[in-house]
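Q:
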Amino acid sequence: MKTAAMTSVYRSRTVIGLLALVALAAGVVAMAPRSVAAQTAAKAPTAIGISVPADAQLGQSILLQARLVDARGTGIPGVDVQFTSPATFLNTSGDMVIADAMTDSHGLAAAQYEVRRTGKLTVKAVFAGSDRYAPAKISAPLAVSGDRQLYVQDAGVKIPGLNATSTQQTSGWPHWVLSGWPIAAVLLIVWSLYGVAVFFMSQIVGAGEQPGEGAP
Amino acid sequence: MIIDLRRCDGCQSQNKPPLCTAACIEGHFVPDPMQWIEVYEPDLHGGGSQFVPTPCQQCQNAPCTNVCPVGATFATPEGVVLIDQERCIGCRICMAACPYDRRFFNWGDPPVPPEAMAMKYMPEHQTPAIKGTVMKCDFCPDMAGAGRLPYCAQACPNHAIYYGDLEEGIATNGDQVVDVNHFLAANAAYRLKEELGTEPRVFYIPGYGQKVGRSPFKRGRLATIWPWKKVAKGSETWTR
Chain U
2 MKTAAMTSVY RSRTVIGLLA LVALAAGVVA MAPRSVAAQT AAKAPTAIGI
52 SVPADAQLGQ SILLQARLVD ARGTGIPGVD VQFTSPATFL NTSGDMVIAD
102 AMTDSHGLAA AQYEVRRTGK LTVKAVFAGS DRYAPAKISA PLAVSGDRQL
152 YVQDAGVKIP GLNATSTQQT SGWPHWVLSG WPIAAVLLIV WSLYGVAVFF
202 MSQIVGAGEQ PGEGAP
Chain H
2 MIIDLRRCDG CQSQNKPPLC TAACIEGHFV PDPMQWIEVY EPDLHGGGSQ
52 FVPTPCQQCQ NAPCTNVCPV GATFATPEGV VLIDQERCIG CRICMAACPY
102 DRRFFNWGDP PVPPEAMAMK YMPEHQTPAI KGTVMKCDFC PDMAGAGRLP
152 YCAQACPNHA IYYGDLEEGI ATNGDQVVDV NHFLAANAAY RLKEELGTEP
202 RVFYIPGYGQ KVGRSPFKRG RLATIWPWKK VAKGSETWTR
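So the protein lines, in turn, are chains U and H. Here the first sequence stands for residues 2 to 217, numbered as in my numbering. Here the second sequence stands for residues 2 to 241, numbered as in my numbering.
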C-alpha cells in the first residue's frame with residue numbers, strides 16, 4: 002500500500018514537472034521574437050558617409066572623414082567610428098583597423114592616417130551600432146602610388162658633435178658640446194701623446210747607434 | 002613583433018610548458034639549456050603575476066652589433082639582427098653588451114639531431130649549432146620569406162604573438178591582421194628598457210592574460226623541456 006501511494010505521488014510530481022517545463026518552453030518561444038523585435042524597433046536607422054582622397058602618395062598622411070547621421074539627417078555625436086581596410090599578410094586576411102575616431106556634435110569623425118601600402122586600397126568607415134542606433138558602414142577606393150623607403154634604421158653610437166644632431170637625444174646640450182670641438186680636442190691630445198711616444202722611441206733607437214757604444 | 006600580454010597565460014590553460022618556447026626549441030633544435038624565447042613571470046605591482054615571453058628584442062640600435070669585434074653579428078636590411086656562427090670567435094662581448102640577456106653561448110658540443118645534420122648551415126636558421134659560438138632568437142627570417150609566421154607565433158594557442166613588417170606597418174598573429182601604428186597606440190604598448198635607447202623592435206601590450214580568462218593570482222608555469230634531445234645521441238648540457 003505504502004509503495005503504491007509513493008508511486009502515485011512520484012507520478013503526479015513528474016506530471017507537474019513536465020507541465021512546468023512545457024510552460025517555460027512556450028514562454029521562451031513566445032517571448033523571443035517579441036524581444037528581438039522590440040530591440041530592432043528600439044534602434045534608430047543610421048546612414049554613414051565617407052570622405053577619403055581618391056589617390057595618395059606612399060608615406061603621405063591623409064585625412065579620413067566619416068559623417069554619421071540618423072534618419073532625419075541629423076548628426077549623431079559621441080559614438081566611435083572605425084576606419085578599416087582589407088589587408089593580407091603572411092597568408093592571413095581580414096579587415097585591418099587603421100584608425101578610429103569619435104563623432105563630434107555634427108556627427109563627424111575624422112582621423113589622420115599615414116599610408117604605408119601601395120596599390121588600389123579600400124577604406125571603410127564602420128559604425129558598429131549602439132543601444133540606440135543601428136550599425137552602418139560604407140567604403141571608398143584609395144589609389145596609392147610611390148616607391149619610398151619608409152622604415153629607415155637608425156643604428157650606431159651617437160656622439161654629440163660627430164654624428165648626433167640636435168634632434169637626436171641631444172636637445173638641451175650646450176652649443177659648444179655639439180660643435181665638435183671637444184671631440185677634436187680629445188683626438189688632438191691622444192694623437193699628440195702618441196707622437197711624443199714615437200719620438201722618444203726613435204731616440205732610443207738612435208742612442209743604440211752611438212759610435213763606440215758597447216765596444217770593449 | 003608585438004606580444005599581447007592580455008592573451009598570454011603561460012599556457013596554464015593548456016597544462017603544458019609555454020608552447021612558444023617549445024615550438025622554438027623544436028623548430029631550431031635549440032640546445033639545452035637555451036630558451037631563445039623565454040617566458041618570465043614577474044610580479045605585478047598590485048599583486049599577482051604576469052607572463053612575459055621574451056625573445057631577442059631585435060634592437061634597431063643593437064649594442065651587440067656595435068661591440069662585435071669581427072662583425073659576426075649584424076643587422077639585415079629587413080631589420081633582423083643575426084649571428085654568423087662561422088665568423089663568431091666566441092669572445093662573448095655581445096653577451097655582456099645585451100641588456101636583455103637574450104644571447105646564449107654554446108659551452109659544449111651542441112646536441113645535433115639527425116635531421117639537423119642534413120641541413121646546410123645558414124645564419125637565418127643557425128642549424129646545425131657550432132661549439133664555442135653565440136646563438137639567439139633570429140625572428141625566423143627564412144620562414145617569413147616563405148610566407149609563414151615564426152615558430153613561436155604559430156604555436157601560441159591564444160594568438161598572443163604578432164609578427165609584422167614595420168615598412169608596411171602591418172602585422173598578424175595568424176588570426177587577424179592589424180595596423181601596427183594604430184594597434185600599438187590604441188593599446189598603450191611599451192618596450193623593455195626603452196630608456197637605454199636600444200630601440201627594440203619587440204613591443205608589449207600590457208596585461209596578465211585577462212583576455213583568455215587567467216587570474217593574475219594563479220602562479221607558475223610548467224618547466225621547459227627539450228623534446229628532440231631524445232633523438233640526439235651524445236648530446237651534453239651545461240649551466241648557463
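In this text, a Cβ means the ideal position worked out from N, Cα and C, and glycines have one as well. Predicted, not measured: the structure shown is a model, and the values here were computed from it.
Is the CB of residue 93/U under 8 Å away from at least one CB in chain H?
A: Yes, because at least one Cβ of chain H sits closer than 8 Å to the Cβ of residue 93/U.
Q: State yes or no: is the C-beta of residue 209/H within less than 8 Å of the C-beta of residue 190/H?
A: In this structure, residue 190/H does not lie closer than 8 Å to residue 209/H by Cβ.
Q: Give me, in chain order, the residues of the same chain whose beta-carbon lies closer than 7 Å to that of residue 99/U; leave out the 5 immediate sequence neighbours on both sides.
A: These residues qualify, in order along the chain: 84, 85, 86, 114.
Q: Less than 8 Å between C-beta atoms, sequence neighbours within five positions excluded: which residues of the same chain meet that for residue 199/U?
A: So no residue of the chain qualifies.
Q: Do you know how far the Cα of residue 223/H is from the Cα of residue 16/H?
A: Residue 16/H and residue 223/H: Cα-Cα distance of roughly 8 Å.
Q: Any chance the region 54-74 of chain H sits against the region 82-93 of chain H, with 3 or more Cβ pairs inside 8 Å?
A: Cβ pair count under 8 Å is three or more, so yes.
Q: Using a C-beta to C-beta distance shorter than 7 Å, which residues of chain U count as neighbours of residue 167/H?
A: Those within 7 Å of residue 167/H in chain U are 152.
Q: May I have the straight-line CA-CA distance separating residue 44/H from residue 174/H, to the nearest angstrom?
A: Their Cα atoms are separated by approximately 26 Å.
Q: Along chain U, which residues have their Cβ under 9 Å away from the Cβ of residue 59/H?
A: Residues of chain U passing the Cβ test: none, with the nearest at roughly 11 Å.
Q: Got a sec: is the Cβ-Cβ distance from residue 179/H to anything in chain U below 8 Å?
A: True, the Cβ-Cβ gap to chain U drops below 8 Å.
Q: Given a threshold of 16 other Cβ atoms within 10 Å of its Cβ, counted over all protein chains shown, does residue 111/H qualify as buried or as exposed?
A: Flag for residue 111/H reads buried.
Q: Is it true that the region 189-204 of chain U meets the region 91-101 of chain H, where meeting means three or more beta-carbon pairs spaced less than 8 Å apart?
A: With the cut-off at 8 Å, the region 189-204 of chain U and the region 91-101 of chain H do not touch.
Q: Run through DSSP, which three-state label would residue 109/U get?
A: The answer is strand: DSSP assigns residue 109/U an E or B state.
Q: By the three-class DSSP mapping on this structure, what secondary structure does residue 128/H have?
A: Coil at residue 128/H, not helix or strand.
Q: Would residue 103/U count as contacting chain H if we go by Cβ distances under 8 Å?
A: Output row for residue 103/U: interface = no.
Q: Taking 8 Å as the CB-CB cut-off, is residue 88/U touching chain H?
A: So, interface residue.
Q: Quick one: is residue 21/H near chain U, going by C-beta distance under 8 Å?
A: So no, residue 21/H is outside the interface.
Q: With a CB to CB cut of under 7 Å and the five nearest residues on each side skipped, what residues in its chain are close to residue 136/U?
A: Cβ within range, chain order: 128, 129, 130.
Q: By how many angstroms is the C-alpha of residue 7/H removed from the C-alpha of residue 54/H?
A: One C-alpha to the other measures close to 12 Å.
Q: CB residue 69/U to CB residue 47/U, shorter than 8 Å?
A: Going by C-beta atoms, residue 69/U is nearer than 8 Å to residue 47/U.
Q: Considering Cα atoms alone, identify which of 119/U, 139/U, 92/U is closest to residue 126/U.
A: Of the listed residues, the one whose Cα sits closest to residue 126/U is 139/U.
Q: What whole-angstrom Cβ distance do residue 137/H and residue 104/H have, given they're in contact under 8 Å?
A: With 8 Å as the limit, residue 137/H and residue 104/H qualify as a contact, their Cβ atoms being about 5 Å apart.
Q: Is the separation between the beta-carbon of residue 61/H and that of residue 150/U shorter than 8 Å?
A: In this structure, residue 150/U does not lie closer than 8 Å to residue 61/H by Cβ.
Q: Using the Cβ count rule (16 or more neighbours within 10 Å means buried), how would you classify residue 117/U?
A: Result: buried.
Q: Starting from the Cα of residue 142/H, find the closest Cα among 181/H, 29/H, 114/H, 51/H and give me that residue.
A: The candidate whose alpha carbon is nearest that of residue 142/H is 29/H.
Q: Name, please, each residue of chain H whose Cβ falls closer than 8 Å to the Cβ of residue 63/U.
A: Going along chain H, no residue has its Cβ under 8 Å from residue 63/U, so there is no contact; the nearest lies around 14 Å.
Q: Are there 16 or more other CB atoms within 10 angstroms of the CB of residue 227/H, so buried, or fewer, so exposed?
A: Residue 227/H is buried by the Cβ-count criterion.
Q: Answer with yes or no whether the minimum CB distance from residue 133/U to chain H is below 8 Å.
A: By this cut-off, residue 133/U is not an interface position.
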